[in-house]
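Undergrad: Submitted below is the structure of interest, expressed as structure tokens.
Protein chains in written order, with our numbering: chain A, 1 to 138; chain B, 139 to 276.
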């Protein structure tokens with residue numbers, strides 16, 4: 001028997017953010033973060049496309065965790081976290097845009113080894129970070 | 139006042155998976171999914187690097203949600219979900235590898251519009267999907 005080693009996973013394809021108020025949640029990611037919706041799954045959730053081809057899923061955890069779905073169920077509660085990459089040098093423009101929209105800036109961090117992060121909350125209380133520059137070094 | 143439109147978010151930089159049994163959780167992602175650890179943050183969590191530069195964070199929600207962290211706190215409970223992209227055509231190799239490791243295959247889906255998914259659970263009960271081919275169409 002020849003046992004083949006699988007090729008490395010390429011990257012994360014879908015990241016999920018949960019929130020029970022889907023309309024407000026979707027408006028935040030579409031309007032404030034300017035992500036593009038590619039699918040609406042009834043009252044279960046929506047799928048948003050990132051520029052690199054990745055997908056951000058917004059799910060109502062009560063619906064996503066229910067039985068009878070076509071896929072394995074899931075659904076977390078409590079504040080989650082997602083960090084997005086913004087183009088290099090766009091930190092100040094993003095900071096200004098968020099402030100003009102009335103999005104509270106919870107924190108800003110200039111990392112010791114380079115890179116900066118803006119932290120806000122989405123309407124469900126998830127911690128959303130915008131990252132300018134590499135912040136995880138080997 | 140010139141209001142500059144921010145350039146589009148590039149992609150997801152950090153995706154989080156939560157689990158209180160960090161050692162078992164880390165072993166699953168390192169050994170079964172062969173992701174590479176780049177940082178260990180005490181008993182808070184670990185950071186794993188994806189081939190495309192993205193980062194998967196494994197966090198103990200009890201620690202990540204606590205006060206006194208250097209960054210805004212978060213921490214969800216209940217089963218979350220993450221989907222990974224695997225190289226085109228590696229579906230069968232990944233399926234065989236997971237089975238040989240004793241990882242239960244919860245579901246397999248051949249999507250109507252193309253692409254296939256393998257669904258397993260990590261030790262914390264999160265739904266983990268391996269995706270071969272494009273499954274979200276515009």
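Backbone N, C-alpha and C fix where the C-beta goes; we use that ideal spot for every residue, glycine too.
Small disclaimer: the values here were computed from a predicted structure and weren't measured.
Per DSSP, residue 81 (chain A) forms a beta bridge with which residues?
TA: Stepping through the first chain from its first residue, residue 81 (chain A) is reached at position 81. When DSSP reads this structure, residue 81 (chain A) sits in a beta bridge with A:127.
Undergrad: Within its chain, find whatever has a CB closer than 8 Å to the CB of residue 15 (chain A); leave out the 5 residues flanking it on each side and keep chain order.
TA: For the purposes of this step, residue 15 (chain A) is taken as residue 15 along the first chain, with counting starting at 1. For residue 15 (chain A), where only same-chain residues beyond five positions count, the Cβ hits under 8 Å are 54, 55, 56, 57, 82.
Undergrad: Per DSSP, residue 107 (chain A) is paired with what?
TA: As a working note, residue 107 (chain A) is residue 107 in the first chain. DSSP lists A:119 as the bridge partner or partners of residue 107 (chain A).
Undergrad: Is residue 267 (chain B) buried or exposed, if buried means 16 or more other CB atoms sit within 10 Å of its CB?
TA: If you number the second chain from 1, residue 267 (chain B) lands on position 129. Per the 10 Å Cβ criterion, buried.
Undergrad: Which chain B residues sit within Cβ distance under 8 Å of residue 94 (chain A)?
TA: Locating residue 94 (chain A) in the first chain gives position 94, counting from the first residue. Ordered by position in chain B, the residues that pass the 8 Å Cβ test against residue 94 (chain A) are 144.
Undergrad: Starting from residue 270 (chain B), follow its DSSP beta bridges and name the residues at the other end.
TA: Position 132 of the second chain, counted from the start, is the residue given in the question as residue 270 (chain B). Residue 270 (chain B) is bridged to B:254.
Undergrad: Return helix, strand or coil for residue 30 (chain A), following the three-state DSSP convention.
TA: Taking the first residue of the first chain as position 1, residue 30 (chain A) is located at position 30. Of the three classes helix, strand and coil, the one that applies to residue 30 (chain A) here is helix, per DSSP.
Undergrad: Specify the secondary structure class of residue 277 (chain B) as computed by DSSP and reduced to three states.
TA: Past the boundaries of the shown model lies residue 277 (chain B); chain B is included only from 139 to 276, so the question cannot be answered.
Undergrad: Taking a contact to mean a Cβ-Cβ separation below 7 Å, would you say residue 91 (chain A) touches residue 106 (chain A) in this structure?
TA: As a working note, residue 91 (chain A) is residue 91 in the first chain. As a working note, residue 106 (chain A) is residue 106 in the first chain. No, the Cβ-Cβ distance between residue 91 (chain A) and residue 106 (chain A) is not below 7 Å.
Undergrad: Give, in chain order, every residue of the segment 81–113 of chain A whose Cβ lies closer than 8 Å to some Cβ of chain B.
TA: Residues passing the 8 Å Cβ filter: 81, 82, 83, 84, 85, 86, 87, 90, 93, 94, 96, 97, 100, 106, 107, 109.
Undergrad: What separation, rounded to the nearest whole angstrom, lies between the Cα atoms of residue 94 (chain A) and residue 116 (chain A)?
TA: Start at 1 with the first residue of the first chain, and residue 94 (chain A) comes out as number 94. Start at 1 with the first residue of the first chain, and residue 116 (chain A) comes out as number 116. Rounded to whole angstroms, residue 94 (chain A) to residue 116 (chain A) spans 12 Å at the Cα level.
Undergrad: May I ask you to check if the CB of residue 69 (chain A) is nearer than 6 Å to at least one heavy atom of the ligand COA?
TA: Absence of the ligand COA from the depicted structure is noted, as is the absence of any ligand whatsoever, leaving it without description.
Undergrad: Could you tell me whether the Cβ atoms of residue 45 (chain A) and residue 28 (chain A) are closer together than 7 Å?
TA: The sequence position of residue 45 (chain A) within the first chain is 45, counting from 1. The sequence position of residue 28 (chain A) within the first chain is 28, counting from 1. By the CB criterion at 7 Å, residue 45 (chain A) and residue 28 (chain A) fall outside the cutoff.
Undergrad: In the segment 157–171 of chain B, which residues sit with their C-beta less than 8 Å from some C-beta in chain A, listed in chain order?
TA: Answer in chain order: 171.
Undergrad: Look at the Cβ atom of residue 223 (chain B), then the Cβ atom of residue 269 (chain B), and state whether they are nearer than 7 Å.
TA: For the purposes of this step, residue 223 (chain B) is taken as the residue at position 85 of the second chain. For the purposes of this step, residue 269 (chain B) is taken as the residue at position 131 of the second chain. Against a cut-off of 7 Å, the Cβ pair of residue 269 (chain B) and residue 223 (chain B) comes out as a contact.
Undergrad: Find the nearest neighbour of residue 271 (chain B) within the set A:13, A:6, A:5, A:4, judged by alpha-carbon distance.
TA: Counting from one through the second chain, the residue named residue 271 (chain B) turns up at place 133. Residue A:13 is the option with its Cα nearest to residue 271 (chain B).
Undergrad: Should residue 158 (chain B) be labelled buried (16 or more other beta-carbon atoms within 10 Å of its own) or exposed?
TA: What you label residue 158 (chain B) is simply residue 20 of the second chain in a count that begins at 1. By the neighbour-count rule (16 or more Cβ atoms within 10 Å), residue 158 (chain B) is not buried but exposed.
Undergrad: Run through the DSSP bridge pairs and tell me what residue 185 (chain B) is partnered with.
TA: As a position in the second chain, residue 185 (chain B) is number 47, starting the count at 1. Per DSSP, B:177, B:195.
Undergrad: Between residue 251 (chain B) and the rest of its own chain, which residues show a CB-CB distance below 8 Å, the 5 nearest in sequence each way excluded?
TA: Residue mapping note: residue 251 (chain B) aligns to position 113 of the second chain, counting from 1. Counting only Cβ-Cβ distances below 8 Å, and skipping sequence neighbours, we find 273, 275.
Undergrad: If distances are taken between C-alpha atoms only, which option among A:61, A:43, A:40, A:36 comes closest to residue 49 (chain A)?
TA: By 1-based counting over the first chain, the position of residue 49 (chain A) is 49. It is A:36.
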